[in-house]
Structure formats: C-alpha cells, structure tokens
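Trainee: Before I ask anything, let me first share the structure, which is written out below as structure tokens.
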Amino acid sequence: MTDTPTATAVVVAPPAPRAGWHTLAPVILSVMTFLVTLATIVFYGGQMTQRIGETERRVVQLEQRADRRDGELQDLGRQLARVDAKLDLLIDRLPKHP
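FYI, in the working numbering the residues of the sequence shown are 972 to 1069.
Laid out in structure tokens, this is it:
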C-alpha cells in the first residue's frame, strides 16, 4: 500500500521585504556627495587651467617686453659710446692752455 497524504501542507512564505527609503538613503547621499565632489573638482580644475593659460600669456608678454628693452638699452649704449668717442676727439682737438 502506498502512503498518500490526504492534505498537503502549504507553507506561505512572507513576501520579501522591499527596500525602503530608509535603506537606500545612505546610498543616495553617497552618490550625491560623489557627484558634487566630482563637479567641484572639474569646475576648479577648469578655473586653474584658465589661470595657467592667462599667466602663461602674461609671462610671454613680459619676456617680449624685456627683450625689447634689452635691445633698446644696447642701442642706447652704442649711441652713448659713439657720442663719448666724438667728445673725446673734440676734447683732444681743443687748444691747450698753459
């Protein structure tokens, strides 16, 4: 003889608990914090890049201005040397008084 159950036992499992906002709040805050931090880094990185470019432009202008002034000073030095040589020649031509 086979033993057949007359009643089947049905076990009803409670539904799986749904993830509520209480469990997701730390994850959401962490993601938001990460995004704000990333945006801040990108923003200030862009500003720093802009400042570096501006500073580089200014340095190039200052170097060009300094090179121009060096050239002008060399020209003035040559002109002064010529004037000085001419004055020396004129002084040597002056009659000497006893």
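Positions of the beta carbon are idealized from the N, C-alpha and C atoms, including for glycine.
From V1054 to G1048, what does the alpha carbon distance come to, in whole angstroms?
Mentor: In a straight line, the C-alpha of V1054 is about 10 Å away from that of G1048.
Trainee: Considering G1017, what are the terminal residues of the alpha helix (DSSP H) in which it resides?
Mentor: 992-1064 is the span of the alpha helix (DSSP H), which, as asked, contains G1017.
Trainee: Could you tell me the distance, in whole angstroms, from the CA atom of Q970 to the CA atom of R1029?
Mentor: One cannot answer for residue 970 here, as it falls past the ends of the chain, which runs 972 to 1069.
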